[in-house]
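Residues 171 to 419 (the working numbering) are what the sequence shown spells out, left to right.
Glycine included, every Cβ here is placed at the ideal spot set by N, Cα and C.
To start, the structure under review is shown below, and the notes come after it.
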Amino acid sequence: MNILYKEASRKPLKGMYNLRDLGGLPTTTGKITKYGRILRSDEPAGLPDVSIDYLRRFPVRLSIDLRSPSERNERPSSLTAIPEISERHLPSISDSILHELVNMVDRDSHSILGDFYIYMIDHSAAELIAVLKAIAEYDPRDGAILYHCVQGKDRTGVISALLLMLVNVRDEDIVANYQISYTYLRPKVDPIADLYPKNMRQMLRSDYWNMERFLTYFHEQHGPVDEYLIRHGMKPRELDILRQRLLLP
Numbered sequence: 171m172n173i174l175y176k177e178a179s180r181k182p183l184k185g186m187y188n189l190r191d192l193g194g195l196p197t198t199t200g201k202i203t204k205y206g207r208i209l210r211s212d213e214p215a216g217l218p219d220v221s222i223d224y225l226r227r228f229p230v231r232l233s234i235d236l237r238s239p240s241e242r243n244e245r246p247s248s249l250t251a252i253p254e255i256s257e258r259h260l261p262s263i264s265d266s267i268l269h270e271l272v273n274m275v276d277r278d279s280h281s282i283l284g285d286f287y288i289y290m291i292d293h294s295a296a297e298l299i300a301v302l303k304a305i306a307e308y309d310p311r312d313g314a315i316l317y318h319c320v321q322g323k324d325r326t327g328v329i330s331a332l333l334l335m336l337v338n339v340r341d342e343d344i345v346a347n348y349q350i351s352y353t354y355l356r357p358k359v360d361p362i363a364d365l366y367p368k369n370m371r372q373m374l375r376s377d378y379w380n381m382e383r384f385l386t387y388f389h390e391q392h393g394p395v396d397e398y399l400i401r402h403g404m405k406p407r408e409l410d411i412l413r414q415r416l417l418l419p
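Take a look at the structure:
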């Protein structure tokens, strides 16, 4: 692949179904998020050489892996052996949070994932803050940052929502940015959907109401996102750095 798609939302790579750029989103302050700085994706596991070469040339220079240790061991990142790309393993949820997600599956709710995202921000703030701090600490002159979980929609979606809220992207655009994950993931997840009980199949999707529920709860219970982030350990200067990194002047 010779085209880098620098100013395109989706980066169509073999082996990565949900690789997208946070650039190109309008804000309530009249600005636009930058292309080529921060990418979100599903796991970069089992990638062909052409996709690894694309990420190297883009250039991605930091990969933040949000997966659990067991997930990493089962499906190792193809980027680990690439000398130009540094990796940081920052699981965005603890094992106890994963256990809670399993418990949520038994509930009669059409918004299991929305409930899970809420549980994350209420009980996994330290892990989320660690990811945002890593993004703030990185020197953007080196290249782009890629963060990912397994499918690139749940843990990755919460991190993306926090970043986009911070720069005043509208809620409907945050929802749309989340919702489109399933469109791109369908070739990957639809063939295995019948292997799951019916009450679990919604967890393969990214239905809009999950992110709407998360955002409504966040605004009502936690207030402005910068206050939530500072309350849990981020510094105002780090928030300014994230804004500068994400926004065009």
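How close, in whole Å, do the beta carbons of residue i and residue j come, if the pair is a contact with beta carbons under 8 Å?
{"i": "residue 323", "j": "residue 376", "result": "5 Å"}
{"i": "residue 215", "j": "residue 248", "result": "6 Å"}
{"i": "residue 281", "j": "residue 383", "result": "5 Å"}
{"i": "residue 185", "j": "residue 240", "result": "Contact flag wrong, Cβ pair sits at about 21 Å."}
{"i": "residue 325", "j": "residue 236", "result": "5 Å"}
{"i": "residue 270", "j": "residue 289", "result": "6 Å"}
Tell me which same chain residues have a C-beta within less than 6 Å of the C-beta of residue i, skipping the five on either side of it?
{"i": "residue 189", "result": "181, 183 and 211"}
{"i": "residue 403", "result": "299"}
{"i": "residue 330", "result": "210"}
{"i": "residue 339", "result": "195 and 197"}
{"i": "residue 398", "result": "392"}
{"i": "residue 348", "result": "327, 376 and 381"}
{"i": "residue 229", "result": "313"}
{"i": "residue 396", "result": "409"}
{"i": "residue 284", "result": "380, 383 and 384"}
{"i": "residue 334", "result": "344"}
Hey, would you say residue i sits closer than 7 Å to residue j, going by beta carbons?
{"i": "residue 337", "j": "residue 381", "result": "no"}
{"i": "residue 201", "j": "residue 193", "result": "no"}
{"i": "residue 234", "j": "residue 260", "result": "yes"}
{"i": "residue 232", "j": "residue 175", "result": "no"}
{"i": "residue 187", "j": "residue 387", "result": "no"}
{"i": "residue 374", "j": "residue 306", "result": "no"}
{"i": "residue 428", "j": "residue 415", "result": "An answer regarding residue 428 cannot be provided, because it is not within the stretch 171 to 419 covered by the chain."}
{"i": "residue 213", "j": "residue 359", "result": "no"}
{"i": "residue 341", "j": "residue 409", "result": "no"}
If you run the structure through DSSP and keep just helix, strand and coil, what is residue i?
{"i": "residue 317", "result": "strand"}
{"i": "residue 402", "result": "coil"}
{"i": "residue 223", "result": "helix"}
{"i": "residue 121", "result": "Summary: the structure shown does not reach residue 121, with the chain confined to residues 171 through 419, and so no result is reported for it."}
{"i": "residue 248", "result": "coil"}
{"i": "residue 196", "result": "strand"}
{"i": "residue 212", "result": "coil"}
{"i": "residue 341", "result": "helix"}
{"i": "residue 191", "result": "strand"}
{"i": "residue 202", "result": "strand"}
{"i": "residue 123", "result": "Lying before the first or after the last residue shown, residue 123 is absent from the chain, which here runs from 171 to 419."}
{"i": "residue 180", "result": "strand"}
{"i": "residue 298", "result": "helix"}
{"i": "residue 174", "result": "coil"}
{"i": "residue 217", "result": "coil"}
{"i": "residue 418", "result": "coil"}
Once you ignore the five residues that flank residue i on each side, which residues in its own chain have a CB closer than 8 Å to its CB?
{"i": "residue 294", "result": "262, 263, 264 and 267"}
{"i": "residue 226", "result": "252, 254 and 255"}
{"i": "residue 179", "result": "190, 191, 193 and 194"}
{"i": "residue 351", "result": "188, 321, 322, 323, 327 and 376"}
{"i": "residue 296", "result": "402 and 403"}
Can you find the residues in the same chain that come closer than 7 Å, C-beta to C-beta, to residue i, ignoring five residues on each side of it along the sequence?
{"i": "residue 250", "result": "257"}
Using the beta-carbon count (16 or more within 10 Å), is residue i buried or exposed?
{"i": "residue 318", "result": "buried"}
{"i": "residue 292", "result": "exposed"}
{"i": "residue 252", "result": "buried"}
{"i": "residue 177", "result": "exposed"}
{"i": "residue 362", "result": "exposed"}
{"i": "residue 173", "result": "exposed"}
{"i": "residue 191", "result": "buried"}
{"i": "residue 365", "result": "exposed"}
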